[in-house]
Amino acid sequence: MPAQDTEAIILKTFPLGEADRLVSFLSRSSGRMRGVAAGARKLKNRYGSTLELLAHVQMEYIERETRDLVRIQQCDLLDSFHAAQSEYSLATGLALVSEIVEILLPEREPAEAMFRLVLLTAREIERRKEWRIPAGYFVFWAVKLAGWLPPLDRCGKCGAQLGSGDGYHASWSPGQLCRDCRHPGMRAISLPAREVAPLFARKGLEKLSEAEAPGGLVGELRDACLDWIEHHTERKLITRNLLETA
2 MPAQDTEAII LKTFPLGEAD RLVSFLSRSS GRMRGVAAGA RKLKNRYGST LELLAHVQME
62 YIERETRDLV RIQQCDLLDS FHAAQSEYSL ATGLALVSEI VEILLPEREP AEAMFRLVLL
122 TAREIERRKE WRIPAGYFVF WAVKLAGWLP PLDRCGKCGA QLGSGDGYHA SWSPGQLCRD
182 CRHPGMRAIS LPAREVAPLF ARKGLEKLSE AEAPGGLVGE LRDACLDWIE HHTERKLITR
242 NLLETA
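Numbers given in my numbering equal positions in the sequence shown, counted from 1, plus 1.
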């Protein structure tokens with residue numbers, strides 16, 4: 002079959018055999034895919050740094066009949082996030098983005114909005130040298146794009162308006178509850194943190210400042226969104242625990 006050319010973001014790689022790598026990537030045109038990069042584990046290989054976490058590349062690959070895995074022929078680096086990949090806290094933010102994309106997107110379904118969101122997030126983590134606002138923005142939009150964002154102004158059980166009170170969330174609940182309906186073990190999200198959501202919805206990430214979206218409030222909203230992702234996917238996010246040490 003003829004070679005295909007696509008803009009792509011590298012999500013994850015795994016050793017495959019003695020010399021190859023299995024690559025999970027997000028294609029701008031075709032969605033999440035997997036392929037084999039032959040010889041990528043050799044000391045001298047043609048891929049260089051193009052297979053690093055969330056690297057933005059121009060990729061050439063060949064489809065193989067009756068096989069799910071494509072054969073990756075060539076990658077040319079478009080955006081390198083070397084500073085973020087090299088610093089633990091920033092790399093943890095990139096890894097969270099990668100893991101969420103992996104569990105949210107089915108294979109081979111176009112998802113250009115998610116592609117643009119991932120690329121924007123990686124660029125902002127690299128530019129800001131800070132992961133909290135970009136990762137919080139990404140997680141909010143990932144939930145919104147998936148259609149899982151519950152109403153943030155009222156209780157999901159009794160419908161009571163929360164007003165200035167806290168909402169409560171957990172990974173075993175699809176939305177948020179009021180003080181009267183909450184269960185033991187649920188975490189609180191304050192009104193100021195809930196007000197970050199409409200800010201994220203209307204303003205581009207590159208224009209957001211720490212003054213508008215303080216890290217503590219972004220963290221509250223991020224934790225709620227991560228709970229909703231875990232609830233709907235029925236998966237525990239491995240990188241979530243790493244955020245506490247990042």
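For each residue, glycine too, the CB sits at the ideal point set by N, CA and C.
query	result
Across the segment 77-91 and the segment 99-117, are there enough close Cβ pairs to call them in contact, namely three or more that are closer than 8 Å?	no
Taking the alpha-carbon of residue 170 as reference, which of 124, 231 and 8 has the nearest alpha-carbon?	231
At a cut of 8 Å, does the segment 60-75 reach the segment 84-96 through at least three beta carbon pairs?	no
Residues bridged to residue 60 by DSSP?	7 and 76
Would DSSP call residue 108 helix, strand or coil?	strand
To which residues of the same chain is residue 116 closer than 7 Å at the C-beta, ignoring the five residues directly before and after it?	10, 27 and 29
Check whether the segment 154-161 and the segment 227-243 touch, using three or more Cβ-Cβ pairs below 8 Å as the test.	no
Hey, quick one: how far does the beta strand (DSSP E) through residue 21 stretch, first residue to last?	21-28
So residue 188 is in the beta strand (DSSP E); what residue range does that whole segment cover?	188-190
Note down the Cα distance separating residue 113 from residue 92, rounded to an integer number of angstroms.	23 Å
Identify, in the order they occur along the chain, each residue of the same chain with its Cβ nearer than 8 Å to the Cβ of residue 90, setting aside the five sequence neighbours on each side.	132 and 247
To which residues of the same chain is residue 221 closer than 7 Å at the C-beta, ignoring the five residues directly before and after it?	190, 191 and 194
Please name the residue or residues paired with residue 34 in a DSSP beta bridge.	26
Below 7 Å between beta carbons: does that hold for residue 84 and residue 127?	yes
Run through DSSP, which three-state label would residue 51 get?	coil
In chain order, what residues of the same chain lie with their CB nearer than 6 Å to the CB of residue 54, ignoring the 5 residues before and after it?	86 and 95
Nearest by alpha-carbon distance to residue 175: which of 166, 72, 123 and 148 is it?	148
Hey, residue 31 and residue 111 are a contact pair by Cβ (cut 8 Å); roughly how many whole angstroms apart?	6 Å
Give the DSSP-derived three-state secondary structure of residue 86 in the structure shown.	helix
By the three-class DSSP mapping on this structure, what secondary structure does residue 200 have?	helix
Within a Cβ cutoff of 7 Å, which residues of the same chain sit near residue 7, ignoring the five residues on either side of it in sequence?	28, 29, 30, 31 and 60
Give the secondary structure of residue 232 by DSSP, where H, G and I count as helix, E and B as strand, and everything else as coil.	helix
If you draw a straight line from the alpha carbon of residue 143 to that of residue 118, how long is it in whole angstroms?	8 Å
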